[in-house]
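Residue numbers (the numbering used here): 26 to 428.
Input: a single structure, listed below in structure tokens.
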Ligand SMILES: Nc1nc2c(c(=O)[nH]1)N[C@H]1C(S)=C(S)[C@@H](COP(=O)(O)OP(=O)(O)OC[C@H]3O[C@@H](n4cnc5c(N)ncnc54)[C@H](O)[C@@H]3O)O[C@H]1N2
Ligand code: MOO
């Protein structure tokens, strides 16, 4: 049996970051920068006021107090955005708003609260020192400074920095486009009437949502019956249209395991057993045109865990991400369970903050049974219990992937 690490390495070997493309800042959220963003200007761009008040010469008002104020002539009224630059000479000042350029000659700002707010002449009630409440050009970034390094994932903070540095468009790795489909003649669309033996297709919805949640564009094909010709046609239609295909079902030992039947003949594909529970039967590889394909087992919890452990990291690599895995926490087990022993177990768990850290309890009453899709709804994490581990007891510490 293949180890999880070996299968993950095989999954990652199928993909590399997608070619860079330019996007508008509005469309850059969660994408990964493909090129360093270097500042060409000073940030702030000019010395400007940090307060609404008066731009003064500090030496003029150094001795001012409420009891013995200093009076200055107000030369100008500078709003943010003002292009005026009056020379502030001795005995004068300019009324100034936060963000307006500090006029030449002035070297400090007196907040309006420390004045009488005069428009032609102003009474200054407190002294100040040169530089007070002045935001200096270049104190945030200078020309040549690296603002964002290639490989950075663009969140609101990074997008703001790019905008401030004057970039309207950024070179990023585009969003991976992933086709997802379920296989199984028992599957019908959710909500449709079911005859005996039929069930709603939950996996194509699960996988499409998982692709989107991982930052990809999901092309949800839906459920394909266990019919080789139909599956071949559907796969052929997707080749060249998507960056990868994810299928569910039809990979174990059954007489109608259509994915295995159709793809075993593909030279780039392999079907293996991985030492994990759920998620033992797995297929992956490339179709003849090079499209990566991940063939996940059909049991819904198996499909979810397989996506988390193998497909999501590959999708993130396509997207240019360096951090491929989920964050992990250490949690204290509330209710115990008996792991299968010979394979690494991924137990869906509900996570809760306890007085001394995270608490984990089984999300589904039945534990990690791979058909317990309703119970999966309560999972915020997957507790990882190594092969060979004995019973997991209340109070034990477990490693949990936060999903
Ligand atoms: N003789 C053996 N039988 C099985 C083995 C084995 O080693 N020997 N492995 C078991 C394990 S473990 C798994 S996991 C499953 C994987 O089977 P398949 O990938 O072939 O999946 P299916 O047979 O198509 O479906 C399994 C199960 O899941 C339900 N299902 C499938 N697709 C969906 C969907 N889109 N939405 C909701 N539910 C779905 C399906 O109805 C089955 O109940 O094989 C075991 N068998
Ligand atoms: O390994 Mo299967 O994925 O447990 O149910």
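Each residue gets a CB set at the ideal place from its N, CA and C atoms; glycine is no exception.
These figures come from a predicted structure and were not determined experimentally.
With contact defined as three or more Cβ pairs closer than 8 Å, the region 295–303 and the region 337–344 are not in contact. Non-local beta-carbon contacts of residue 403 in its own chain, meaning distances under 8 Å to residues more than five positions away in sequence, involve 373, 375, 388, 389 in chain order. At least 8 Å separates the beta-carbon of residue 117 from that of residue 139. Ordered along the chain, residues surrounding ligand 2 are 302, 303, 304, 305, 322, 324, 327, 395 [Cβ under 6 Å from any heavy atom].
Relative to ligand 1, the beta carbon of residue 210 is positioned no closer than 7 Å to any heavy atom. Distances taken from the Cβ of residue 279 to the heavy atoms of ligand 1 include one shorter than 7 Å. Along the region 348–415, the alpha helix (DSSP H) occurs as fully enclosed runs of 4 or more residues at 398–401, listed in sequence order. At a Cβ-Cβ threshold of 8 Å, residue 247 and residue 226 count as neighbours. Distances from the alpha-carbon of residue 83 to those of 53, 145, 155 put 155 closest. Under the DSSP definition of a beta bridge, residue 207 partners with 248, 273.
For residue 422, the enclosing beta strand (DSSP E) has its first and last residue at 422–427. Membership of residue 147 in the beta strand (DSSP E) is indicated by the continuous run 146–149. In summary, residue 427 is exposed, with fewer than 16 beta-carbon neighbours lying within 10 Å of its beta-carbon over all protein chains present. Here residue 337 is buried, its C-beta having at least 16 other C-beta atoms within 10 Å.
For the region 107–152, the continuous beta strand (DSSP E) assignments of 3+ residues that do not extend past its boundaries occur at 117–121, 133–136, 146–149, in sequence order.
Look at residue 158 here: in three-state DSSP terms it is coil, with no helix or strand label. Within the DSSP secondary-structure output, residue 96 pairs in a beta bridge with 148. Contact between the region 182–198 and the region 256–272 is absent, with fewer than three C-beta pairs closer than 8 Å. Burial is judged here by how many other beta carbons sit within 10 angstroms of a residue's own beta carbon; residue 315 has fewer than 16 and is exposed. Between the alpha carbons of residue 317 and residue 328 lies a gap of roughly 17 Å. Under the DSSP assignment, residue 329 falls in the alpha helix (DSSP H) whose first and last residues are 325–331. Under the DSSP assignment, residue 49 falls in the beta strand (DSSP E) whose first and last residues are 45–49. Residue 369 and residue 411 do touch by the CB rule: their CB atoms are close to 6 Å apart, below 8 Å. Annotation: the continuous alpha helix (DSSP H) that includes residue 338 extends over 337–343. In the three-state reduction of the DSSP assignment, residue 199 falls in the coil class, being assigned neither a helical nor a strand state. With a minimum length of 3 residues, the unbroken runs of beta strand (DSSP E) contained wholly in the region 250–324 fall at 269–273, 294–298, 306–311, 317–321. For residue 207, the shortest separation between its Cβ and any heavy atom of ligand 1 lies below 7 Å. If you draw a straight line from the Cα of residue 235 to the Cα of residue 165, it is about 38 Å long.
Following the DSSP letters along the chain, one finds residue 81 inside the beta strand (DSSP E) bounded by residues 78–81. Per DSSP, the unbroken alpha helix (DSSP H) holding residue 232 starts and ends at 228–238.
Three or more beta-carbon pairs separated by less than 8 Å are not found between the region 34–42 and the region 124–134, which leaves the two stretches without contact.
Taking C-beta atoms as the reference points, residue 56 and residue 200 count as a pair closer than 8 Å. In the three-state reduction of the DSSP assignment, residue 171 falls in the strand class. Taking C-beta separations shorter than 8 Å and ignoring five residues to either side along the sequence, the partners of residue 367 in its chain run 300, 412, 413, following chain order. According to the DSSP secondary-structure assignment, residue 84 is paired through a beta bridge with no residue. In the three-state DSSP reduction, residue 33 falls in the helix class (H, G or I).
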